[in-house]
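**Q** Mind looking over this structure? Questions follow.
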Amino acid sequence: MIVAVIADTHLRAPGRLPAPCRERLEQCELIVHAGDVVSASVFDELSCIGPPLRAVRGNVDEPALAERLPERLEIQLGGAKVGVVHDAGPARGRLARMRGLFPECTAAIFGHSHLPLHESQAGFQIFNPGSPTARRRAPRHTMGLLSAGGGRLEFELIALD
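Those letters in the sequence shown? Residues 4 to 164, by this note's numbering.
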């Protein structure tokens, strides 16, 4: 199973997702968004791309959208469980904190910082795909792909520019 992983799109108007990102979303079996979609209209647009969309609310999502989304979720993917939350807190102690937040998961996906990150320790992984639209301090616009199967999870960071 191939999963598209995005976060921090920060879009208020539909149709502004970069074409390379949208093309990859269309090719996947599932889209996971780690928060800060921002508007309900953009969320609805993402939902219509094709693959199912699973998302958590971010700290700047408009109230109408935030009401529709959970703060965190756990998804079964290819024999492994993945946790998703928007804000994983400070960098110091993040991996251990995420392991504690999602004790039954093999990995956790998060956003908020806009900085891509992939770390692992003792069989637990954390992954931040960065942002395809609002890179801030990151050098490039990015997203992630997750290959899931046979209980294994492999994350890949994709540079979009």
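Here a beta-carbon is modelled for each residue, glycine too, at the ideal position from N, C-alpha and C.
#1: With DSSP as the reference, please indicate the residues paired to residue 146 in a beta bridge.
#2: Consult DSSP for residue 26 and reduce its assignment to one of helix, strand or coil.
#3: Could you give the distance in angstroms between the alpha-carbon of residue 138 and the alpha-carbon of residue 41?
#4: Is DSSP giving residue 32 helix, strand or coil here?
#5: List the DSSP bridge partners of residue 121.
#6: For residue 154, which of 146, 66, 114, 108 has the nearest alpha-carbon?
#7: Buried or exposed, going by whether 16 or more other CB atoms sit within 10 Å of the CB of residue 51?
#8: By DSSP's criteria, residue 86 is part of a beta bridge. Which residues make up the other side?
#9: On a CA-only basis, which of 142, 125, 82, 127 is nearest residue 133? Give me that one, please.
#10: Tell me the DSSP bridge mates of residue 18?
#11: For residue 122, does the count of other Cβ atoms within 10 angstroms reach 16, so buried, or fall short, so exposed?
#12: Which of the three DSSP states is assigned to residue 45 in this structure?
#13: Would you tell me roughly how many angstroms separate the C-alpha atoms of residue 4 and residue 53, rounded to the nearest one?
#14: Which value, in whole angstroms, describes the spacing of the CA atoms of residue 12 and residue 84?
#15: Helix or strand or just coil, what does DSSP make of residue 3?
#16: Please report the residue range of the alpha helix (DSSP H) in which residue 100 lies.
**A** According to the structure shown:
#1: Answer by DSSP bridge pairing, in chain order: 161.
#2: DSSP places residue 26 in helix when its eight states are reduced to three.
#3: Between residue 138 and residue 41, the C-alpha separation is close to 15 Å.
#4: It is coil, neither helix nor strand.
#5: 130.
#6: Distances from the CA of residue 154 to each of 146, 66, 114, 108 were compared; the closest alpha carbon is that of 108.
#7: Looking at its Cβ environment, which holds fewer than 16 other Cβ atoms inside 10 Å, residue 51 is exposed.
#8: Residue 86 pairs with 77, 111.
#9: Considering only alpha carbons, the answer is 142.
#10: Answer is none; residue 18 lacks a bridge partner.
#11: With fewer than 16 Cβ atoms within 10 Å of its Cβ, residue 122 is classed as exposed.
#12: Three-state result, residue 45: helix.
#13: Those two C-alpha atoms are separated by around 15 Å.
#14: Each residue's alpha carbon lies about 24 Å from the other.
#15: The shown model of the chain, from 4 to 164, leaves out residue 3, and the question about it has no answer.
#16: From DSSP, the alpha helix (DSSP H) with residue 100 extends over 97-104.
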